[in-house]
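Engineer: Here the sequence shown is numbered in this note's numbering, starting from 88 and rising by one per residue.
Note that CB positions come from ideal geometry on N, CA and C, so glycine has one too.
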Amino acid sequence: MPEVLQGAGVSPGVGAGPVRTIAGAVPEPPAGSTHGGDAEAERATALAALEAVAVELEERGTRAAAVGNPMGEEVLGAQALMARDPGLADDVRARIDRGVAAPRAVFESFGVYRDLLAGAGEYMAARVTDLDDIRDRALARLLGLPMPGVPESDEPFVLVARDLAPADTAVLDPAQVIAFVTEEGGPTSHTAIIARTMGVPAVVALPGATALADGTRVLVDGAAGTVRPDPSEADVAAARAAAAARAAALEDSTGPGATKDGHKVPLLANIGGPKDVDAARANGAEGVGLYRTEFLFLDRHKAPTDEEQEAAYRTVLEVFPEGRVVVRTLDAGADKPLKFLPPPGEEPNPALGERGLRMSRRYPDVLAAQLAALARATAGLTTKLQVMAPMVTDAAEAAFFAAACRDAGIAHPGVMIEVPAAALRARDIAPEVEFFSIGTNDLTQYACAADRQVGGLAHLQDPWQPAILDLVAPAAEAGVPCGVCGEAAADPALACVLVGLGVTSLSMSAPALPLVRAALARHTLDECRQAAAAARAARTVAQAREAARAHLPGLAELGI
Ligand code: PEP
Ligand code: MG
Numbered sequence: 088m089p090e091v092l093q094g095a096g097v098s099p100g101v102g103a104g105p106v107r108t109i110a111g112a113v114p115e116p117p118a119g120s121t122h123g124g125d126a127e128a129e130r131a132t133a134l135a136a137l138e139a140v141a142v143e144l145e146e147r148g149t150r151a152a153a154v155g156n157p158m159g160e161e162v163l164g165a166q167a168l169m170a171r172d173p174g175l176a177d178d179v180r181a182r183i184d185r186g187v188a189a190p191r192a193v194f195e196s197f198g199v200y201r202d203l204l205a206g207a208g209e210y211m212a213a214r215v216t217d218l219d220d221i222r223d224r225a226l227a228r229l230l231g232l233p234m235p236g237v238p239e240s241d242e243p244f245v246l247v248a249r250d251l252a253p254a255d256t257a258v259l260d261p262a263q264v265i266a267f268v269t270e271e272g273g274p275t276s277h278t279a280i281i282a283r284t285m286g287v288p289a290v291v292a293l294p295g296a297t298a299l300a301d302g303t304r305v306l307v308d309g310a311a312g313t314v315r316p317d318p319s320e321a322d323v324a325a326a327r328a329a330a331a332a333r334a335a336a337l338e339d340s341t342g343p344g345a346t347k348d349g350h351k352v353p354l355l356a357n358i359g360g361p362k363d364v365d366a367a368r369a370n371g372a373e374g375v376g377l378y379r380t381e382f383l384f385l386d387r388h389k390a391p392t393d394e395e396q397e398a399a400y401r402t403v404l405e406v407f408p409e410g411r412v413v414v415r416t417l418d419a420g421a422d423k424p425l426k427f428l429p430p431p432g433e434e435p436n437p438a439l440g441e442r443g444l445r446m447s448r449r450y451p452d453v454l455a456a457q458l459a460a461l462a463r464a465t466a467g468l469t470t471k472l473q474v475m476a477p478m479v480t481d482a483a484e485a486a487f488f489a490a491a492c493r494d495a496g497i498a499h500p501g502v503m504i505e506v507p508a509a510a511l512r513a514r515d516i517a518p519e520v521e522f523f524s525i526g527t528n529d530l531t532q533y534a535c536a537a538d539r540q541v542g543g544l545a546h547l548q549d550p551w552q553p554a555i556l557d558l559v560a561p562a563a564e565a566g567v568p569c570g571v572c573g574e575a576a577a578d579p580a581l582a583c584v585l586v587g588l589g590v591t592s593l594s595m596s597a598p599a600l601p602l603v604r605a606a607l608a609r610h611t612l613d614e615c616r617q618a619a620a621a622a623r624a625a626r627t628v629a630q631a632r633e634a635a636r637a638h639l640p641g642l643a644e645l646g647i
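Structure below.
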């Protein structure tokens, strides 16, 4: 293994600790495998594995509750019940009595339930993944393989995985995770977003990361994108000193966002729920620019109740009485599936399928309930509530959403601009709504035809692509206030360029706020405009970065 592994640094900071890997898929036990003849022992082994899985799921549920995730506890408790299902146990016993080996018997018995669930309507079909998880846990025990899912550890660790799904992180205790390292995932993948939100260093798009043996000590530099196995104490100290120097340069980064010559650019936080509000405030957010409401319900089987939605929104609204909170309606589908909003069937390209507003049109009652809960949550508060829809493509969709908002009594409707068609024809959409928020993560994914979850395409998932700047410009010039809430806003140099293009506010993971604030404060609006023009005139990502930096001399003072 080389001395230093290079990936894409997506969440700054330095951390060193032992590797814990999320194990890959558990293989299917071969069809026709039989046991040695002792059916009684084989039955006992199979049933003990199922019981052990149930106990472990219950324990994880208790831990999820302890880290403030009662929903995780509910889901894990339901999974434990499935593992103890008497019908399942009978089926496993019967197969073993016919000579089938325990692992294969377990696999086949789960298969029966899987088929039943898959054919029992959309709601039940969405539970197949849970069933597969229990099966894989039981099989891992029976086959002596590492347990799938987030690993257990008595000490803080560097979490290494092929990729992380948002649901994988539901039971993570932030105090336990030193850093994330993944083979897949680009700079805008949810691994990157979650890491930045948690303030944990992260490196993604690192091929071969899962080959790092469990327990190997590694040094992760989330700014440089490097992972060094077996670092010396001097390596660790040097990396920490560099990170501390940058932190010191940020000490004067306080107050509302503005350029050096006083052009105001509100700096807002992206959050996934009330748990992220403290970090937003600690980093000086002037409000919330993107409340990803689907993150509240990722592990839910049933639609949330009106009361719990109202409470989750009100808790956040109350924190910013003089600011704004931009709530996004559920962006279900593709990389953020919600079990209670399943797509109509197997989608060959989920990112191009039913997600975001498209899903809300399929389930209008869920949209209406969410908007009503938001309207109730804001009653009596001074916070400006703005509500926007994800994945809007054209003016007709924007009009549909604005009408739904009007019906619910929401005063400030907006749309995300994250589909290239919407960016190109932003002027058609502007009359329908009060504001835009550009989602550069998806805008880049769709404009560059590069799936944001595929690590090998990280170079194309880059919002410095001049084509992306060409798409931002018409949205920023369409005549309504236009923020950016994609990860591009968290890049201090690009933040200046976006302001130069006419973007009116920037929203990002909270830990990125101080550096962006400091970068803006060191440049005039005119410098930002020149940087934007230079970047747009460039022909490649590298040239765009370089051309913009030539007009942003203050970045060097910040060590970036
Ligand atoms: C985006 O696409 O840029 C965005 C902010 O939304 P999400 O990352 O949640 O898809
Ligand atoms: Mg998006």
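1. Should G526 be listed as close to the ligand MG, given that the test is whether its C-beta is under 7 Å from any heavy atom?
2. Between the Cα of A321 and those of A103, I525, L585, D557, spot the shortest distance and give me the residue it belongs to.
3. According to DSSP, is F382 helix, strand or coil?
4. Report the option in A635, V502, L92 whose CA atom is closest to the CA atom of P316.
5. Just confirm the distance between the C-beta atoms of L585 and A576, as a whole number of angstroms; I'd bet it's less than 8 Å.
6. Does the distance between the C-beta of E648 and the nearest non-hydrogen atom of the ligand MG fall short of 7 Å?
7. Looking at the ligand PEP, does it come within less than 7 Å of R401, judged from the CB to the closest heavy atom?
8. Can you have a look at K351 and say buried or exposed, based on whether 16 or more other CB atoms are within 10 angstroms of its CB?
9. Could you tell me which of I504, T465, P500 sits nearest to G570, measuring between CA atoms?
10. Taking the beta carbon of L404 as the centre, do at least 16 other beta carbons fall within 10 Å, making it buried, or is it exposed?
11. Assuming the contact rule is C-beta atoms closer than 8 Å, D515 and A560 should be a hit. Round their C-beta distance to whole Å, please.
12. Tell me, please, whether the segment 429–437 touches the segment 525–536 by the rule of three or more beta-carbon pairs shorter than 8 Å.
13. Starting from G440 and walking both ways along the beta strand (DSSP E), at which residues does that stretch end?
14. Measuring straight from C-alpha to C-alpha, what distance separates V199 and G359?
15. Quick check: is any heavy atom of the ligand MG less than 7 Å from the C-beta of D529?
16. In the segment 437–476, which residue ranges form an unbroken beta strand (DSSP E) of at least 3 residues, counting only runs that do not cross its ends?
17. Just confirm the distance between the C-beta atoms of A448 and F487, as a whole number of angstroms; I'd bet it's less than 8 Å.
18. Is E90 buried or exposed, if buried means 16 or more other CB atoms sit within 10 Å of its CB?
19. What are the boundary residues of the beta strand (DSSP E) that A148 is part of?
20. Would you check whether the ligand PEP has a heavy atom nearer than 7 Å to the C-beta of E143?
21. On the criterion of 16 or more Cβ atoms from any shown chain inside 10 Å, does L203 qualify as buried, or is it exposed?
22. With distances taken Cα to Cα, identify the nearest neighbour of E242 among C572, V106, A438.
23. Spell out the partners DSSP gives G374 in its beta bridges.
24. Would you mind reading off the limits of the beta strand (DSSP E) that contains T269?
25. Confirm, please, whether the CB-CB distance from A356 to A367 is below 8 Å.
26. Please state whether DSSP places F427 in a helix, a strand or coil.
27. Along the beta strand (DSSP E) that carries L593, what are the first and last residues, could you check?
28. So, under 8 Å CB-CB, P640 and R283 are touching, yes? Tell me the CB distance rounded to an integer number of Å.
29. For G104, list the residues DSSP reports as bridge partners.
30. CB of D422 to nearest heavy atom of the ligand MG: below 7 Å?
31. Could you pull out every residue in the same chain whose Cβ sits closer than 8 Å to the Cβ of T303, ignoring the five residues on either side in sequence?
32. What I want to know is whether the C-beta of I280 ends up closer than 7 Å to one or more non-hydrogen atoms of the ligand PEP.
33. Which value, in whole angstroms, describes the spacing of the CA atoms of R249 and V291?
34. Since D422 contacts G443 with CB under 8 Å, what's their CB separation in whole angstroms?
35. Let me check you understand the geometry: is the CB of D418 closer than 7 Å to at least one non-hydrogen atom of the ligand ADP?
36. Any idea which residues DSSP pairs P316 with across the strands?
Structural biologist: The short version:
1. Counted from its first residue, the sequence shown places residue 526 at position 439. Indeed, a heavy atom of the ligand MG lies less than 7 Å from the Cβ.
2. Translated into positions along the sequence shown, residue 321 becomes position 234. Residue A103 holds the alpha-carbon nearest to the alpha-carbon of A321 among A103, I525, L585, D557.
3. Locating residue 382 in the sequence shown gives position 295, counting from the first residue. Correct three-state label for F382: helix.
4. Taking the first residue of the sequence shown as 1, we reach residue 316 at position 229. P316 has its Cα closest to that of L92, out of A635, V502, L92.
5. Within the sequence shown, numbered from 1, the residue matching residue 585 stands at position 498. Within the sequence shown, numbered from 1, the residue matching residue 576 stands at position 489. The pair is a contact, with the Cβ atoms about 7 Å apart (cut-off 8 Å).
6. Residue numbering for the chain in the displayed model covers 88 to 647; residue 648 lies beyond these limits and cannot be assessed.
7. What you label residue 401 is simply residue 314 of the sequence shown in a count that begins at 1. Not so, every heavy atom of the ligand PEP lies at least 7 Å from the Cβ.
8. For this step, residue 351 is matched to residue 264 along the sequence shown. Per the 10 Å Cβ criterion, exposed.
9. Walking along the sequence shown from the start, residue 570 turns up at place 483. For G570, the nearest C-alpha among the options comes from I504.
10. Locating residue 404 in the sequence shown gives position 317, where the first residue counts as 1. It is buried - the Cβ of L404 has at least 16 other Cβ atoms within 10 Å.
11. Here residue 515 refers to the residue found at position 428 when the sequence shown is read from its first residue. Here residue 560 refers to the residue found at position 473 when the sequence shown is read from its first residue. 16 Å between Cβ atoms; not a contact.
12. no
13. Taking the sequence shown and counting its residues from 1, the one referred to as residue 440 is at position 353. Counting along the chain, G440 falls outside any beta strand (DSSP E), and DSSP gives it neither H nor E.
14. Working through the sequence shown from its first residue, we reach residue 199 at position 112. Working through the sequence shown from its first residue, we reach residue 359 at position 272. Per the coordinates, the alpha-carbon of V199 lies some 37 Å from the alpha-carbon of G359.
15. Position 442 of the sequence shown, counted from the start, is the residue given in the question as residue 529. Yes; taking the cut-off as 7 Å, the Cβ of D529 has a heavy atom of the ligand MG nearer than that.
16. 471–476
17. The count along the sequence shown starts at 1 and reaches residue 448 at position 361. The count along the sequence shown starts at 1 and reaches residue 487 at position 400. Looking at the sequence provided, one finds Arg at residue 448 rather than Ala. Between F487 and R448 the Cβ distance is about 7 Å, and since that is below 8 Å, they are a contact.
18. In the sequence shown, the residue the question calls residue 90 occupies position 3. It is exposed - the Cβ of E90 has fewer than 16 other Cβ atoms within 10 Å.
19. Taking the first residue of the sequence shown as 1, we reach residue 148 at position 61. Before going further, note that residue 148 is Gly rather than Ala in the sequence given. Run containing G148: none in the beta strand (DSSP E); it sits in the alpha helix (DSSP H), 126–153.
20. Here residue 143 refers to the residue found at position 56 when the sequence shown is read from its first residue. No, the Cβ of E143 stays beyond 7 Å of every heavy atom of the ligand PEP.
21. Within the sequence shown, the letter at position 116 stands for residue 203. When all chains shown are included, L203 counts as exposed.
22. Position 155 of the sequence shown, counting from 1, holds the residue named residue 242. When only C-alpha atoms are compared, the closest one is V106.
23. As a position in the sequence shown, residue 374 is number 287, starting the count at 1. R411.
24. As a first step, residue 269 must be located in the sequence shown, where it is residue number 182. It spans 264–269 - the beta strand (DSSP E) in which T269 sits, taken as one unbroken run.
25. Residue mapping note: residue 367 aligns to position 280 of the sequence shown, counting from 1. Residue mapping note: residue 356 aligns to position 269 of the sequence shown, counting from 1. In contact: A367 and A356 (Cβ atoms closer than 8 Å).
26. Here residue 427 refers to the residue found at position 340 when the sequence shown is read from its first residue. Assignment of F427 by DSSP, reduced to helix, strand and coil, places it in the coil class.
27. Numbered from its first residue, the sequence shown carries residue 593 at position 506. Run containing L593: 592–596, per the beta strand (DSSP E) assignment.
28. Here residue 640 corresponds to residue number 553 of the sequence shown, with the count starting at 1. Here residue 283 corresponds to residue number 196 of the sequence shown, with the count starting at 1. That belief does not hold up - the Cβ atoms of P640 and R283 are roughly 26 Å apart, past 8 Å.
29. In the sequence shown, counting from the first residue as 1, residue 104 sits at position 17. For G104, which the question treats as bridged, DSSP gives the partners V305.
30. Sequence index remark: in the sequence shown, residue 422 carries index 335 (1-based). Answer for D422: no, Cβ out of range of the ligand MG.
31. Stepping through the sequence shown from its first residue, residue 303 is reached at position 216. Counting only Cβ-Cβ distances below 8 Å, and skipping sequence neighbours, we find P105, V106, P316, D317.
32. Here residue 280 corresponds to residue number 193 of the sequence shown, with the count starting at 1. Yes, the ligand PEP has a heavy atom inside 7 Å of this Cβ.
33. Taking the first residue of the sequence shown as position 1, residue 249 is located at position 162. Taking the first residue of the sequence shown as position 1, residue 291 is located at position 204. Going by the C-alpha atoms only, they are around 9 Å apart.
34. Position 335 of the sequence shown, counting from 1, holds the residue named residue 422. Position 356 of the sequence shown, counting from 1, holds the residue named residue 443. D422 to G443, Cβ: 11 Å. No contact.
35. Ligands in the displayed structure: the ligand PEP and the ligand MG; the ligand ADP is not one of them.
36. Residue mapping note: residue 316 aligns to position 229 of the sequence shown, counting from 1. Answer by DSSP bridge pairing, in chain order: V305.
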